[in-house]
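Working notes, beginning with the structure itself.
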Amino acid sequence: MSRPGGKQEALLALAGAAALVAIAFGAPWLKFVLTIALAKGLAVLGILLLLRAGQVSFGHALYVAFAAYVVAFLAPLVPEALVLLPLAALGAALLGLVIGLFVSRYREIFFGMMNLALSMVFYSLLEKFYHFTRGTDGIRVQPPRVAGMALTRDGYEWALFGIALGLCLVAGWLARIYLASPMGQALSAIKTRETRLEFMGISARAALLFAYVASAFLAGCAGAIIAMTTRHVTPLLGYWTASGELVFIAVLGGAGAVLGPFLGAIAFELVRVYAAATLADSWQLILGSVLLGVILFASRGLWGVIEALLRRGRRA
Amino acid sequence: MSVLLSARGLRLAFGGVRAADGIDLDVMQGEFLAIIGPNGAGKTSFINMTTGYLRPQAGSIAFDGQPILGLPPRKIVRRGIARSFQLPQLSGEHTVLENAALAVAAHAGFWSPWRALLRPEYRRDAEALLDSFGLLPLAHARADALNEGARKLTDIAMAVALKPRLLLMDEPTSGVAASEKMAIVETLVRVLRQAGVTAVFVEHDMDVVARFADRVAVWSQGQILALGPAAQVLEDPEVRREVIGIEAGPLLP
Chain A
1 MSRPGGKQEA
11 LLALAGAAAL
21 VAIAFGAPWL
31 KFVLTIALAK
41 GLAVLGILLL
51 LRAGQVSFGH
61 ALYVAFAAYV
71 VAFLAPLVPE
81 ALVLLPLAAL
91 GAALLGLVIG
101 LFVSRYREIF
111 FGMMNLALSM
121 VFYSLLEKFY
131 HFTRGTDGIR
141 VQPPRVAGMA
151 LTRDGYEWAL
161 FGIALGLCLV
171 AGWLARIYLA
181 SPMGQALSAI
191 KTRETRLEFM
201 GISARAALLF
211 AYVASAFLAG
221 CAGAIIAMTT
231 RHVTPLLGYW
241 TASGELVFIA
251 VLGGAGAVLG
261 PFLGAIAFEL
271 VRVYAAATLA
281 DSWQLILGSV
291 LLGVILFASR
301 GLWGVIEALL
311 RRGRRA
Chain B
1 MSVLLSARGL
11 RLAFGGVRAA
21 DGIDLDVMQG
31 EFLAIIGPNG
41 AGKTSFINMT
51 TGYLRPQAGS
61 IAFDGQPILG
71 LPPRKIVRRG
81 IARSFQLPQL
91 SGEHTVLENA
101 ALAVAAHAGF
111 WSPWRALLRP
121 EYRRDAEALL
131 DSFGLLPLAH
141 ARADALNEGA
151 RKLTDIAMAV
161 ALKPRLLLMD
171 EPTSGVAASE
181 KMAIVETLVR
191 VLRQAGVTAV
201 FVEHDMDVVA
211 RFADRVAVWS
221 QGQILALGPA
231 AQVLEDPEVR
241 REVIGIEAGP
251 LLP
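If you read the sequences in order, they're chains A and B.
Quick note: the first sequence, position 95, residue 95 per full-length UniProt numbering, numbers continuous.
Quick note: the second sequence, position 8, residue 8 per full-length UniProt numbering, numbers continuous.
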């Protein structure tokens with residue numbers, strides 16, 4: 001099967017990034033939406049890694065929420081975005097390692113439900129320990145400095161948008177390298193021929209654990225950016241619907257390439273914003289219809305549509 | 001010849017079915033040992049116990065003098081025992097070359113997320129491997145598009161890529177068209193001899209056994225009914241009656 005080459009994908013990614021910057025210039029109020037979309041794209045990129053191994057996590061909002069609360073708790077102590085972000089992401093990765101050691105024993109529905117259960121435990125902790133987390137009221141996050149500079153509101157938004165965009169490009173590039181490596185290629189062997197891996201001397205559990213920790217790290221990056229962008233964290237970040245949303249976006253964008261999650265996330269957030277503006281109470285109806293359309297007519301997601309167009313273009 | 005693999009007193013029962021009922025077997029360095037016997041006699045169970053997939057209820061297995069019982073499959077592979085499968089275990093969405101390269105990588109250095117699976121040295125080794133099996137023309141075909149013979153050979157090639165000293169093959173010719181059988185076995189015997197790999201193979205085709213096995217072990221209800229040079233065992237009247245199901249007449253013209 002012919003796939004678009006690395007160069008083509010890189011060009012598309014850069015063109016997409018340039019288009020986003022242009023949109024952010026043209027419609028400044030969309031900067032916020034796009035930053036959130038890019039952050040979610042990072043988390044969905046992690047979901048994609050697990051999907052390659054045939055595993056669906058219905059609990060990855062756990063890592064998004066964990067990192068967001070790390071930012072909320074540490075922001076008064078270290079008011080610096082470039083410190084908070086890696087700290088929160090590494091924290092999420094560490095939590096992913098601990099939980100991953102446990103959930104990497106499970107496959108398919110058990111894997112999905114185990115993640116869901118753990119994320120709901122964490123959600124309950126956030127909600128019930130009011131004294132510490134302020135429950136459903138959540139915690140306000142004071143805007144931290146960026147590279148030592150206290151920015152104006154607009155400058156701060158641009159900085160976060162830039163950080164998110166840069167992270168997406170780097171993460172997409174690294175994920176692509178990882179997926180082409182033996183460790184990445186072995187993920188699809190976990191999906192179909194796990195015993196074969198063991199009989200080749202490879203621990204399938206360890207291979208899955210690596211992808212899991214990477215996915216927790218990516219979700220952590222997402223959580224930190226979301227916390228610093230919305231400047232308010234609540235337990236809802238870790239609710240099961242938030243986890244479901246990540247899987248929804250993964251299906252919408254397509255798992256065939258690392259651009260899929262970002263396409264999906266941007267489409268998702270834009271549809272949500274415009275749908276909510278036109279049909280305030282039933283925007284889910286529009287989102288649902290979009291997903292239904294994708295599943296029925298473009299089962300490889302938005303990326304699959306673009307891939308098909310590219311292939312046709314090359315043949316012509 | 002020295003003993004490479006030594007099994008003693010292996011016992012394994014599934015409910016009331018005895019898959020191994022006191023199996024003693026030595027596999028000699030460099031030999032081709034065929035295991036024959038009716039379905040359910042415990043032939044595959046022997047492979048599964050030797051590769052760490054099943055744990056016998058009693059007995060011991062030593063490889064090169066070291067006990068290996070209780071080790072997980074991936075550690076036994078690292079000691080030098082590889083296996084192929086009755087139903088080839090290939091990644092269908094990958095090409096033959098990618099499947100082979102994954103096996104090459106599994107042996108040469110798997111845990112690096114930075115470098116491509118098809119890096120030049122792995123590609124070269126995988127291509128050389130496929131070439132030795134005559135599979136190079138199929139290198140870029142998806143594994144799920146191959147015929148059974150090519151799938152079997154790819155599966156065995158992946159085991160050989162692990163550079164084993166002992167290769168256990170579970171029915172390497174089952175499901176392969178009769179016309180292709182001999183060519184496939186000839187190919188793999190040539191490769192294994194060149195690589196100096198000792199081989200144990202479960203086989204139902206007596207022509208294949210007669211032509212390629214140095215020794216034959218006859219399995220029946222978890223026990224070894226007969227063991228010896230192929231010519232001798234295959235002519236044994238009891239073996240012929242009990243296992244092969246042919247009363248008289250030479251096997252080979």
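Backbone N, C-alpha and C fix where the C-beta goes; we use that ideal spot for every residue, glycine too.
What you are looking at is a predicted structure, and each value in this text was computed from that prediction instead of being measured.
- For chain B, the residues of the segment 167-184 of chain A that bring a beta carbon within less than 8 Å of one of its beta carbons are I177, Y178, A180, S181, P182, M183, G184, in chain order.
- Rounded to the nearest whole angstrom, the C-alpha separation of A100 (chain B) and L130 (chain B) is 8 Å.
- Residue range 283-297 is occupied by the alpha helix (DSSP H) that includes W283 (chain A).
- Around the beta carbon of S179 (chain B), fewer than 16 other beta carbons sit within 10 angstroms, so the residue counts as exposed.
- In the DSSP annotation of this structure, D125 (chain B) is not part of any beta strand (DSSP E); the continuous alpha helix (DSSP H) holding it starts and ends at 120-132.
- Among the residues facing chain B, G135 (chain A) is not included, as its CB has no counterpart in that chain under 8 Å away.
- Residues are counted here when their Cβ sits less than 9 Å from a Cβ of chain A; for the segment 57-77 of chain B these are P72, P73, R74, K75, I76, V77, given in chain order.
- In the structure shown, the three-state DSSP call for D236 (chain B) is coil.
- Note that the C-beta distance between T192 (chain A) and G92 (chain B) is below 8 Å.
- Excluding the 5 residues flanking it on each side, P72 (chain B) has same chain C-beta neighbours closer than 8 Å at G52, in chain order.
- Annotation for T173 (chain B): no alpha helix (DSSP H) segment contains it, and DSSP assigns it neither H nor E.
- Taking 8 Å as the cut-off, the Cβ atoms of M49 (chain B) and L102 (chain B) do not count as close.
- Inside the segment 197-239 of chain B, DSSP marks whole beta strand (DSSP E) runs of 3 or more residues at positions 198-202, 215-220, 223-229, from first to last along the chain.
- B:G9 is the residue among B:R193, B:G9, B:A143, B:L90 whose C-alpha sits nearest the C-alpha of D24 (chain B).
- L62 (chain A) is a Cβ neighbour of F122 (chain A), given a cutoff of 8 Å.
- Against chain A, a Cβ distance below 8 Å from P113 (chain B) picks out I177, Y178, S181, M183, G184, F210.
- T95 (chain B) has B:R142 as its beta-bridge partners, per DSSP.
- No Cβ-Cβ contact shorter than 8 Å links Q221 (chain B) with A7 (chain B).
- Look at the beta carbons and you see the segment 147-163 of chain B touching the segment 80-94 of chain B: at least three pairs across the two are nearer than 8 Å.
- From the beta-carbon of S188 (chain A), the residues of chain B found nearer than 8 Å are S91, E93, H94.
- For S104 (chain A), not one C-beta of chain B is nearer than 8 Å to its own C-beta.
- For D26 (chain B), the uninterrupted beta strand (DSSP E) run begins and ends at 17-28, by DSSP.
- The segment 194-201 of chain A makes no contact with the segment 122-137 of chain B; the number of CB pairs closer than 8 Å stays below 3.
- Per DSSP, A7 (chain B) is one residue of the beta strand (DSSP E) stretching across 3-14.
- Within chain B, the residues placing a beta-carbon under 9 Å from that of G201 (chain A) are P73, R74, K75, I76, V77, R78, A82, A106, H107, F110, L162, ordered along the chain.
- In the structure shown, E108 (chain A) falls within a helical segment according to DSSP collapsed to helix, strand and coil.
- Within chain B, the residues placing a beta-carbon under 7 Å from that of R196 (chain A) are Q89, ordered along the chain.
- With respect to the 8 Å criterion, L38 (chain A) and L165 (chain A) are classified as neighbours on the basis of their beta carbons.
- The beta carbons of A216 (chain A) and A93 (chain A) sit closer together than 8 Å.
- Contact between the segment 58-76 of chain A and the segment 258-267 of chain A is absent: fewer than three C-beta pairs spanning the two stretches fall below 8 Å.
- R52 (chain A) is outside the set of residues whose beta carbon lies under 8 Å from a beta carbon in chain B.
- Shown here, M149 (chain A) sits in a strand according to DSSP, grouped into three states.
- Under the DSSP assignment, I68 (chain B) falls outside any alpha helix (DSSP H); it carries neither an H nor an E label.
- The Cβ neighbour count for I47 (chain A), taken over all protein chains shown within 10 Å, is at least 16; the residue is labelled buried.
- Contact between the segment 10-27 of chain A and the segment 71-86 of chain A is absent, with fewer than three C-beta pairs closer than 8 Å.
- Rounded to whole angstroms, L50 (chain A) and R165 (chain B) show a C-alpha spacing of 35 Å.
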